[in-house]
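The opening position of the sequence shown corresponds to residue 179 in this note's numbering, with each subsequent residue numbered one higher.
Since the structure comes first, as structure tokens, the remarks are kept for the end.
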Amino acid sequence: MTEPAPGAAHATPLLFTPFTLRGVTFPNRIVIAPMQMYVAKPDGLATDWHFQHLAKYAIGGAGTVMTEAMFVDPVGRNTYGDLGIWSDAHVAGLRRIVDFLHAQGSLAAAQLHHSGPKSGRRRPWDGFHPLDETDAARGEPPWQAMSSTDHATTTGWRAPRAMTIPEIRTLLEAYGQGARRAAEAGFDVLDIHAAHGYLIHSFLSPINNDRKDAYGGDFAGRTRFALEVAESVRRHWPADKPLFFRLSCVDRLPGGWEIEDTIALARALNERGVDVIDCSSGGIRDMTSITQFARTRQKLKRGHQVPYADAVRRATGIPTMAVGVILDGPQAEAILAGGRADLIAIGREALYDPHWALHAARALGADAGWSRWPPSYGWWLNQRETIGIDYEG
Ligand SMILES: Cc1cc2nc3c(=O)[nH]c(=O)nc-3n(C[C@H](O)[C@H](O)[C@H](O)COP(=O)(O)O)c2cc1C
179 MTEPAPGAAH ATPLLFTPFT LRGVTFPNRI VIAPMQMYVA KPDGLATDWH FQHLAKYAIG
239 GAGTVMTEAM FVDPVGRNTY GDLGIWSDAH VAGLRRIVDF LHAQGSLAAA QLHHSGPKSG
299 RRRPWDGFHP LDETDAARGE PPWQAMSSTD HATTTGWRAP RAMTIPEIRT LLEAYGQGAR
359 RAAEAGFDVL DIHAAHGYLI HSFLSPINND RKDAYGGDFA GRTRFALEVA ESVRRHWPAD
419 KPLFFRLSCV DRLPGGWEIE DTIALARALN ERGVDVIDCS SGGIRDMTSI TQFARTRQKL
479 KRGHQVPYAD AVRRATGIPT MAVGVILDGP QAEAILAGGR ADLIAIGREA LYDPHWALHA
539 ARALGADAGW SRWPPSYGWW LNQRETIGID YEG
């Protein structure tokens, strides 16, 4: 796709058209992907780091800014630096962030999470492996991780404990209470993290789930927990606000979860009030969703997960969000123009360029006079451009 000249007038690109779900209108199609920062206080409270991390994407023109995974139960924390939503004490710090996002004209989205078998690990830059006695000596002792199964699925990891049915019931209510708190903090959109080998995915995938009770076995058994989480969250999340569900659409492993499973589950989730399938992949046996690429020495391809968003959307008619190595405005616009997704999530490229959305608008010729920028920035940039720069001088 050739890039139009920045600022040139032409029809609004799809990336900058609004999108309405239930009672909420997304100002544009750009969603900042959930990205854990691992810097919360030990009690899971948000800090100024979280505030500035999310605030800058709203300043940078993203229509929707999603929080990192927020934990509905401290036992499900990934690391000691994770953000909590398991207690009412978490609401005030989150509301401060939500209010700022709203003041910039962006929607605020929250992600609810439980790490399941991957709970209790070091922060990424400290190795990302399970906590051990060295960590205990410096005040971060390991704890027992919970999963669908008693078997460790990631090589070299401690065995989790399979959740009992009473524990599942308690956790379903914790998801509901997390949704209630997200509503109280003022969030507009909620995303349930069911991907990347974490708790809900550990129930879904036949690679991981070897239960013999009602939560294992066939497709109906393995999807029961996911559907009950969606039901519990929907009971506590306002009817006029959209609910997203993030899935690893394929395990990318023999005998694993396949795109046909995702399509069938998407329909069942939609019947329970899920509005958007957030289409990721991988992670059931690996440390992260992308470790498999490093292990098998494959490079990441641009938009490598877009085919999943496309397949779910075409098969079900349910809106989808595409994520994964979407690098610039023209690439995002082509995904929307091809009818392959309804929303575009940007992760690492937003870490690199917090003004990603504003730069995408310029690349797509949809920012005449720097009008999309906050006036405190845009007025000056427009003035500089109007005067012109002598690059030879
Ligand atoms: C620093 C970082 C933290 C992440 N944390 C989360 C998270 O909290 N929840 C989640 O669902 N995915 C998480 N992811 C995955 C991203 O949401 C996204 O799916 C992934 O980075 C691929 O998109 P990208 O290529 O645009 O970065 C994280 C990724 C990064 C880079």
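Yeah, the Cβ is synthetic: ideal placement off N, Cα and C, and Gly gets one too.
Item, Value
"Within 7 Å: the Cβ of Ser-383 and any heavy atom of ligand 1?", "no"
"Kindly list the residues whose CB is nearer than 6 Å to the CB of Arg-492, restricted to its own chain and excluding five residues on each side of it in sequence; keep chain order.", "none"
"Using the Cα positions of Leu-368 and Ile-565, report the straight-line distance between them to the nearest angstrom.", "45 Å"
"Just checking Gln-230 against ligand 1 - is the residue's beta carbon closer than 7 Å to any of the ligand's heavy atoms?", "no"
"Which of the three DSSP states, helix, strand or coil, is assigned to Ile-522?", "strand"
"Examine chain B for any beta-carbon lying closer than 8 Å to the beta-carbon of Arg-300, and answer yes or no.", "You won't find chain B in this structure, because it holds only one protein chain."
"Please return the same chain residues whose Cβ sits closer than 7 Å to the Cβ of Lys-219, not counting the five positions on each side in sequence.", "Thr-225"
"Apart from the five residues on each side of it in sequence, which residues of its chain come closer than 7 Å, Cβ to Cβ, to Asp-506?", "Ala-538, Ala-541"
"What residues are listed by DSSP as bridge partners for Phe-423?", "Ile-370, Ile-455"
"As a quick exercise: from Leu-223, Ala-489, Phe-229, Arg-300, pick the residue whose alpha carbon is nearest that of Val-428.", "Ala-489"
"Determine contact between the segment 234–242 and the segment 202–217, defined as no fewer than three beta-carbon pairs at a distance below 8 Å.", "yes"
"CB of Val-503 to nearest heavy atom of ligand 3: below 7 Å?", "The model on display carries ligand 1 but not ligand 3."
"Could you name each continuous beta strand (DSSP E) segment of 3 residues or more that falls completely within the segment 187–242, going from the start of the chain to the end?", "197–199, 202–204, 208–210"
"Measure the C-alpha to C-alpha separation of Asp-418 and Asp-366 and round it to an integer number of angstroms.", "9 Å"
"Could you check whether Gly-354 and Arg-273 sit closer than 8 Å to each other, using their CB atoms as the reference points?", "no"
"May I ask whether a heavy atom of ligand 1 can be found less than 7 Å away from the beta carbon of Ile-567?", "no"
"Is there contact between the segment 388–395 and the segment 306–315, where contact requires at least three CB pairs shorter than 8 Å?", "no"
"To the nearest angstrom, report how far apart Pro-416 and Leu-529 are at their CA atoms.", "31 Å"
"According to DSSP, which residues form a beta bridge with Phe-249?", "Gly-262, His-291"
"Since Val-501 is in the beta strand (DSSP E), which residue starts that stretch and which ends it?", "498–501"
"Output the residue ranges of the beta strand (DSSP E) runs that lie fully inside the segment 279–327 and measure 3 residues or longer, sorted by chain position.", "285–291"
"Take Thr-332 and list the residues in its own chain whose beta-carbon comes closer than 8 Å to its own, dropping the five residues that flank it on each side.", "Pro-295, Lys-296, Gly-375, Arg-463, Asp-464, Met-465"
"Measuring CA to CA, which of Arg-430, Cys-457, Ala-408 is closest to Glu-449?", "Ala-408"
"Three-state secondary structure (DSSP) at Arg-473?", "helix"
"Could you check whether Arg-301 and Gly-259 sit closer than 8 Å to each other, using their CB atoms as the reference points?", "yes"
"Whole angstroms is fine: what's the gap from Leu-285's alpha carbon to Ala-357's?", "16 Å"
"Using the Cα positions of Arg-336 and Val-269, report the straight-line distance between them to the nearest angstrom.", "33 Å"
"Would you say Gln-482 and Val-454 are within 8 Å of each other, going by their C-beta atoms?", "Checking the sequence shown, residue 482 turns out to be His, not Gln. It is not a contact, given that the beta carbons lie outside the stated cut-off."
"DSSP state of Arg-445, grouped into three classes?", "helix"
"Using only alpha-carbon positions, find the residue among Ala-189, Lys-479, Asp-328 that is nearest to Gln-509.", "Lys-479"
"Throw me the rounded Cβ distance for the Ser-426 and His-379 pair, which I believe falls under 8 Å.", "6 Å"
"What would DSSP say about Arg-540, mapped onto helix, strand or coil?", "helix"
"Whose C-beta lies closer than 7 Å to the C-beta of Phe-194 among residues of the same chain, with five residues either side of it excluded?", "Asn-206, Ala-539, Ala-544"
"Mapping the DSSP letters down to three states, classify Ala-340 as helix, strand or coil.", "strand"
"Ser-293 and Leu-350 - do their beta-carbons sit closer together than 8 Å?", "no"
"Is the beta carbon of Leu-421 less than 8 Å from the beta carbon of Gly-451?", "yes"
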